[in-house]
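So in our numbering, spot 106 of the sequence shown is number 242, and the numbers just go up one at a time.
Just so you know, even glycine gets a beta-carbon here, dropped at the ideal spot from N, CA and C.
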Amino acid sequence: MEIFGPIPSRRLGRSLGINNIPPKACSYYCTYCQVGPTEQTEIERRHFFGADYLVGLVKERVAQLQAQGETIDHLSFVPDGEPTLDADLGETIDKLRPLGIKIAIITNGSLIWRDDVR
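Here is the structure:
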């Protein structure tokens, strides 16, 4: 499931989750991870679902929620792994900005040193 929620968040309000990578694609192997241990760590960014596909799903879900009178405070990239591994992350964010909803990325920060991530 690439889009989920909205879910209540103390920090972000009503947050619509975006799972932009396959499960367990991660740069760390954390034994305490809520989705279980990573089978193979990776640090190379790849194309997974594609910006247009994810943006289409988000727009569809936002329209459904707005038709029901619900609000969304944030669009949150919070996948079952490290969201910055997605080579399409920047493009996806750029295409979501016109919706006028704040965007959050929940990351372990391991790739922040890369120019193409910042």
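query: Assuming residue 190 and residue 237 make a contact with CB atoms under 8 Å, what is their CB distance in whole Å?
result: Not confirmed; about 14 Å, so no contact.
query: Over what stretch of residues does the beta strand (DSSP E) that includes residue 211 continue unbroken?
result: Where residue 211 is concerned, the enclosing beta strand (DSSP E) stretches over 210-213.
message: So, at 8 Å on beta carbons, what are the nonlocal neighbours of residue 206 in its own chain, with the 5 sequence-adjacent residues on each side left out?
response: Residues 142 and 150 of the same chain have their beta carbon placed closer than 8 Å to that of residue 206, with the five preceding and five following residues left out of the count.
Where residue 241 sits in the DSSP three-state scheme: Here DSSP, grouped into helix, strand and coil, assigns residue 241 to strand.
message: For residue 235 and residue 199, I'd like the C-alpha separation in whole angstroms.
response: Between residue 235 and residue 199, the C-alpha separation is close to 10 Å.
field: Contact with chain D by residue 221, beta-carbon distance below 8 Å
entry: Annotation note: the requested chain D is absent from the structure, which comprises a single protein chain.
Check whether residue 223 and residue 181 have beta carbons under 8 Å apart: Yes, these two residues count as a Cβ contact at 8 Å.
task: Using 10 angstroms around the beta-carbon of residue 219, count the other beta-carbons present and answer buried if the total reaches 16, otherwise exposed.
output: That one is buried.
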